[in-house]
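Everything on this sheet refers to the single structure shown next.
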Amino acid sequence: MTVTDEPSTESAGYKYVGTRSIRPDGLDKVTGRAKFGADLTLPGMLEAAVVRSPHAHAEIVSIDTSEAMKIEGVKAIVTGADFPDPAEQGLHPSDQDVANNIIARDKVLYDGHVVAAVAATSRQAARAAAKAVNVTYKVLPHVMNVDEAMADGAALLHPNMKTKGVDPPAEEPSNVASRIVHERGELDQGFANADAVVERTFTTKPVHQGYIEPHACVADTGADGRSNIWVSSQGHFAMRTYTSKVVGVTTSMLKVIPAEIGGGFGGKTVIYLEPLAYMLSKKAGRPVRVVMDRAEVFRASGPASGTKIKVKMGANSAGEITAAEIWMAFEAGAFAGSPVGAAGMTVIAPYDIPHFVVEGFDVVVNKPKVAAYRAPGAPMAAFAVESVVDDLAAEIGMDPIELRLKNAVVEGTEASYGPKFPKIGFVETLDACKEHPNYGEPLGPNQGRGVAAGFWFNAGMNSSATIHVNDDGTVTTVVGSPDIGGSRASMALFTAEELGIGLERIKPVVADTETVGFNDVTGGSRVTLATGQAVVEACRAIKTDLIRRAAKTWKMEADQVEWVDGQAQAKDGSQPPLSLAAIAGKMARTGGPISANASLNARGVGAAFSTQVCDVEVDPETGQVTILRYLTAQDAGRAIHPAYVEGQLQGGVVQGIGWALNEEYVHNDDGVLENPSFLDYRIPVASDLPMIDTIIVEVPNPGHPYGVRGVGEVGIVPPLAAVANAIKAATGKRLVDLPMSPMKVLEAIDGTDS
Amino acid sequence: MVKVHFSAALRHYTGGLSDIEIEAATVGRLINALDERFPGIGAQLSEGTSVAIDGEILPDAEYEELPDGAEVHFLATLSGG
Amino acid sequence: MSRTQVTCTVNGDQVDFLTLDDESLLNALRDEVGLTGVKEGCGTGDCGACSVLLDDAVVCSCLVFAREAEGATIVTVEGMADGDHLHPLQQTFLEGAALQCGVCTPGFLVAAKALLDRNPDPTETEVRYALAGNLCRCTGYDKIVRATLEAARELQEARA
Numbered sequence: 016m017t018v019t020d021e022p023s024t025e026s027a028g029y030k031y032v033g034t035r036s037i038r039p040d041g042l043d044k045v046t047g048r049a050k051f052g053a054d055l056t057l058p059g060m061l062e063a064a065v066v067r068s069p070h071a072h073a074e075i076v077s078i079d080t081s082e083a084m085k086i087e088g089v090k091a092i093v094t095g096a097d098f099p100d101p102a103e104q105g106l107h108p109s110d111q112d113v114a115n116n117i118i119a120r121d122k123v124l125y126d127g128h129v130v131a132a133v134a135a136t137s138r139q140a141a142r143a144a145a146k147a148v149n150v151t152y153k154v155l156p157h158v159m160n161v162d163e164a165m166a167d168g169a170a171l172l173h174p175n176m177k178t179k180g181v182d183p184p185a186e187e188p189s190n191v192a193s194r195i196v197h198e199r200g201e202l203d204q205g206f207a208n209a210d211a212v213v214e215r216t217f218t219t220k221p222v223h224q225g226y227i228e229p230h231a232c233v234a235d236t237g238a239d240g241r242s243n244i245w246v247s248s249q250g251h252f253a254m255r256t257y258t259s260k261v262v263g264v265t266t267s268m269l270k271v272i273p274a275e276i277g278g279g280f281g282g283k284t285v286i287y288l289e290p291l292a293y294m295l296s297k298k299a300g301r302p303v304r305v306v307m308d309r310a311e312v313f314r315a316s317g318p319a320s321g322t323k324i325k326v327k328m329g330a331n332s333a334g335e336i337t338a339a340e341i342w343m344a345f346e347a348g349a350f351a352g353s354p355v356g357a358a359g360m361t362v363i364a365p366y367d368i369p370h371f372v373v374e375g376f377d378v379v380v381n382k383p384k385v386a387a388y389r390a391p392g393a394p395m396a397a398f399a400v401e402s403v404v405d406d407l408a409a410e411i412g413m414d415p416i417e418l419r420l421k422n423a424v425v426e427g428t429e430a431s432y433g434p435k436f437p438k439i440g441f442v443e444t445l446d447a448c449k450e451h452p453n454y455g456e457p458l459g460p461n462q463g464r465g466v467a468a469g470f471w472f473n474a475g476m477n478s479s480a481t482i483h484v485n486d487d488g489t490v491t492t493v494v495g496s497p498d499i500g501g502s503r504a505s506m507a508l509f510t511a512e513e514l515g516i517g518l519e520r521i522k523p524v525v526a527d528t529e530t531v532g533f534n535d536v537t538g539g540s541r542v543t544l545a546t547g548q549a550v551v552e553a554c555r556a557i558k559t560d561l562i563r564r565a566a567k568t569w570k571m572e573a574d575q576v577e578w579v580d581g582q583a584q585a586k587d588g589s590q591p592p593l594s595l596a597a598i599a600g601k602m603a604r605t606g607g608p609i610s611a612n613a614s615l616n617a618r619g620v621g622a623a624f625s626t627q628v629c630d631v632e633v634d635p636e637t638g639q640v641t642i643l644r645y646l647t648a649q650d651a652g653r654a655i656h657p658a659y660v661e662g663q664l665q666g667g668v669v670q671g672i673g674w675a676l677n678e679e680y681v682h683n684d685d686g687v688l689e690n691p692s693f694l695d696y697r698i699p700v701a702s703d704l705p706m707i708d709t710i711i712v713e714v715p716n717p718g719h720p721y722g723v724r725g726v727g728e729v730g731i732v733p734p735l736a737a738v739a740n741a742i743k744a745a746t747g748k749r750l751v752d753l754p755m756s757p758m759k760v761l762e763a764i765d766g767t768d769s
Numbered sequence: 004m005v006k007v008h009f010s011a012a013l014r015h016y017t018g019g020l021s022d023i024e025i026e027a028a029t030v031g032r033l034i035n036a037l038d039e040r041f042p043g044i045g046a047q048l049s050e051g052t053s054v055a056i057d058g059e060i061l062p063d064a065e066y067e068e069l070p071d072g073a074e075v076h077f078l079a080t081l082s083g084g
Numbered sequence: 088m089s090r091t092q093v094t095c096t097v098n099g100d101q102v103d104f105l106t107l108d109d110e111s112l113l114n115a116l117r118d119e120v121g122l123t124g125v126k127e128g129c130g131t132g133d134c135g136a137c138s139v140l141l142d143d144a145v146v147c148s149c150l151v152f153a154r155e156a157e158g159a160t161i162v163t164v165e166g167m168a169d170g171d172h173l174h175p176l177q178q179t180f181l182e183g184a185a186l187q188c189g190v191c192t193p194g195f196l197v198a199a200k201a202l203l204d205r206n207p208d209p210t211e212t213e214v215r216y217a218l219a220g221n222l223c224r225c226t227g228y229d230k231i232v233r234a235t236l237e238a239a240r241e242l243q244e245a246r247a
């Protein structure tokens, strides 16, 4: 694989967009110069250690920090009492939950919940002091999954929680925070029209986003409460807002500087350590670094929900899906807010089904509060539905891609969640897989092929960008979106394409909260679309300005000048062209510095579909599943940087494979996490996998100037079912509980599972 | 005039009505008009709700103008990861 | 607690630093020597983000006591380039888009260098098993394996 200056054929017509440029931050990352969250040191900086609950559910009776304060080197200790009371502050309920998750006040709600934090002159002293903090608990009964939490008489996490979205309204408190429902047609009619009906119950376990960089931040807070916070996150503006609410200051008191981020996948769109670092630094009068170790990452940062999903679907002999009945319960963790809403909207979104009921419940359990993980809610829902669609195809004797083609949503189809689809590329991804050589590869004994599809909305949201032209005509593109997938490369490509100058003359920069306008988080597959729109808009404003300046120089009207190939040209050809460098060199004469800003709430979001084909071989003696071949076809709208689009596709697939085959949280009877390490929480390694074959489908999104659709998330939606369907094809057994670890596969093959 | 479609959850407030044609210039005014017609529905539509106008989903749509003949749906606002 | 002086060679330079008995080489390299290219991903030797060469062997520096480095020759990612000439692996990783967030990259480069130093012509399977001790969550390993094979090809050609 080499860098090519040739744009991919689908993007022909562009000079820079569609090429595989070397990413601007790449050199620093291959030489070790790049600074991640834990890489900053400041003079006088203290190290921190966090005291966490060892119980899944308990009242805090007392906290005694006196012994800890005596330890040599300890400079500050904070507990819940050091923070404003969230209810008294009048915070929105979801912000109160954030504040109570940062540090416990009266109750701890999961193994790992923060109780106190210590700052000291060395790691060793901080850890010794953390051990010396004396906390007295009154242990309470706990609930660890949706069945336990929803049972009559279950221990309640929040005594005031009453289920929203039920009719009649809930009178008694429970662990069910809310209910969602979507309906269409008449379910009985739909099943009556079916020639084949499949009904199954599925369960999935919580899985962690698994970023290799643990959460880390440094805060330097003055006595006046102003603080500089250095943090690796998916959104420093969001970190600033959340932190300001938890510690009780205005947003302008905090300056948040983005470090390079070592993976997020949604898990770093929320705060954990920043308020602790802020408060410790304020109390100690010195900068404080707070870093999670890997065990803390597992115990206390948000996994994806564990779920229980019941699916009943019917299809007629022509292959039309006639009815779907879906019931879902999602673990929210200790506070309300699982992605059951998104699951309810994506679960049957790829198909045009005339009769359905989708019902979902958001359930609290004594586990860490769940955080977003790449298309949150959709992978679990797709695992269930795509498995059943596969079984329907087998029952009526239809090829699994053909069945999906028969029912696929297209432009104008009314989505299961309401609106009509604009231009979309689902059918194109199905066709791409059907026509790919992988789909025809012969399979041997104990081998099987599985197909699955997935959908994700993608987001737009708010972005700001500023373009500065330097005095030599080079350009700085300033954005506020942390770069987690290669977005700096895309922003530079947009700038190059718009201004018509080479990439070597452009420097993209991710600026801090004081140096660029507001930006929502990097997530929701939104940056290439939304921040890209802001960059394009700012570039177009620059071009308008450059044209005006050239016209002034030539004593013409602006409408007699155009910008072509990086130069101002007189439309009548009467003047030699002026390059960007030439205009920049004389900027003072034509009005002063050349700079433009764009701030927008992005419009024209395009949804994304993915179809995937997985080939496995199952060892009948050990239950081990080997991935032989994996193909993913995804509609990217327009691939701005094809190599990084491929990277998003491949990364999502491999996370999905891990989710399908190995990854799960294991808790003991006390509700304590037993596998908070990469040894026992097994993510895929290089020797587990083959090359991941990618097809970038381009059905341009008419809403975006370059046709972009977000690519970051949808790739993780199909793999759970693709792998399960492949195992079914290889063994004849339908596994419905994730992960499909060797033990479970063996039990299914031997018929010893219940 | 715009055509508003009601999800199953909202039909509780509309007495089972699944869609309605109604006059409103902006989304905010639409919500007010709906609340006058179906008391209590306004509270459901103000917080954490996105609006789809002719298929385009917009999360902060209060002042968004509604083109004549637009198809309007109310959806839960979702987050990505 | 008193600290012991350790003298060793890091990326070709003689280096002296002080360390506690129970401090890891990972923390000594980051905090005492100032080389933050090595990363702590897990602290228990499971992720490889802290990989360094210690007397030509790839080790997880989080599993090595800093004191064990006395007299040793250590190579970190910062020592792979020759001035402004990148090592072929660094170049192929850049050209092949073999990194996304980049936090695992220093560990992978060290491990891949160790592989190519002892096995200049590995198969894809040999590359995958040699790199199985390095976790990556972003890339799915495809482009990392391709970049390593490409660097092997380039190094072979340079020798020919």
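Protein chains in written order, with this note's numbering: chain E, 16 to 769; chain H, 4 to 84; chain X, 88 to 247.
Glycine residues also receive a C-beta, built at the ideal position from the N, C-alpha and C atoms.
- The contact set of E:Ile368 on chain H, defined by CB atoms closer than 7 Å, is empty, because the minimum CB distance reaches about 15 Å.
- With the criterion set as a beta carbon lying under 9 Å from some beta carbon of chain E, the members of the region 53 to 68 of chain H are Ala55, Ile56, Asp57, Gly58, Glu59, Ile60, Leu61, Pro62, Asp63, in sequence order.
- A buried status is given to X:Leu113, since no fewer than 16 other beta-carbon atoms sit within 10 Å of its beta-carbon.
- When rounded, the separation of the alpha-carbon atoms in E:Ser756 and E:Leu676 is 5 Å.
- In this structure, H:Ile25 places its C-beta atom within 8 Å of the C-beta atom of H:Leu33.
- Contact of X:Arg154 with chain E is not assigned, every C-beta pair being separated by 8 Å or more.
- Only exposed fits X:Leu105, as fewer than 16 other CB atoms lie within 10 angstroms of its CB.
- Relative to E:Lys327, the option among E:Lys567, E:Ala566, E:Ile336, E:Ser320 whose CA is nearest is E:Ile336.
- Under the Cβ criterion of 8 Å, E:Phe51 is counted among the residues facing chain X.
- Within the region 573 to 658 of chain E, the alpha helix (DSSP H) runs of at least 4 residues that lie entirely inside it are, in chain order, 595 to 600.
- In the three-state DSSP reduction, E:Val385 falls in the coil class, being neither helix nor strand.
- Listed along chain E, no residue sits closer than 7 Å to X:Val120 by beta-carbon distance, the nearest being about 12 Å off.
- The beta-carbon of H:Gly83 is placed less than 8 Å from the nearest beta-carbon of chain E.
- When CB distances to chain X are screened at a threshold of 7 Å, the residues of the region 675 to 701 of chain E falling below it are Ser692, Phe693, Leu694, Ile698, Val700, Ala701, in chain order.
- Where E:Ile276 is concerned, there is no enclosing beta strand (DSSP E), because DSSP gives it neither an H nor an E.
- Taking the beta carbon of E:Gly652 as reference, no residue of chain H falls within 8 Å; the closest one sits roughly 15 Å away.
- Looking at E:Leu753, E:His173, E:Ser316, E:Asp210, the one whose alpha-carbon comes closest to that of E:Thr216 is E:Leu753.
- In this structure the region 257 to 272 of chain E touches the region 98 to 111 of chain E; the number of beta carbon pairs closer than 8 Å is three or more.
- Listed in chain order, the beta strand (DSSP E) runs fully inside the region 391 to 436 of chain E amount to none, counting runs of at least 3 residues.
- Burial check for H:Leu20: the Cβ neighbour count within 10 Å stays below 16, so the residue is exposed.
- Here the alpha carbons of E:Asp162 and E:Gln649 stand approximately 36 Å from one another.
- For X:Gln177, the enclosing alpha helix (DSSP H) begins and ends at 175 to 182.
- Neighbourhood of E:Met706 in chain X, by CB distance below 7 Å: Asp229, in chain order.
- Secondary structure at E:Arg255: helix, using DSSP grouped into helix, strand and coil.
- For E:Thr46, at least one C-beta of chain X is nearer than 8 Å to its own C-beta.
- Neighbours of E:Phe313 in chain H, taken as residues whose beta carbon is under 8 Å from its own, are absent, since the nearest beta carbon is some 18 Å off.
- Taking C-beta atoms as the reference points, E:Leu646 and E:Asp708 count as a pair closer than 8 Å.
- Residue burial is scored here from C-beta neighbours: E:Thr361 has at least 16 other C-beta atoms within 10 angstroms and is therefore classed as buried.
- Check the Cα spacing between E:Asn683 and each of E:Glu275, E:Lys382, E:Val212: the tightest is with E:Lys382.
- Distance from the CA atom of H:Gly83 to the CA atom of E:Ala390, rounded to whole angstroms, is 6 Å.
- In this structure, the beta-carbon distance from X:Leu186 to E:Gly278 does not fall below 8 Å.
- For E:Ala119, there is no enclosing alpha helix (DSSP H), as DSSP gives it neither H nor E.
- Secondary structure within the region 435 to 518 of chain E: the beta strand (DSSP E) runs of 3 or more consecutive residues, fully enclosed, are 462 to 471, 477 to 484, 490 to 494 (chain order).
- The three-state secondary structure of H:Asp57, taken from DSSP, is coil.
- Looking from the CA of E:Ala549, the closest CA among E:Phe509, E:Glu529, E:Ile562 belongs to E:Phe509.
- If you ignore the 5 residues before and after E:Tyr31, its C-beta comes within less than 6 Å of the C-beta of Leu508, Ala511, Glu512, all in its own chain and listed in chain order.
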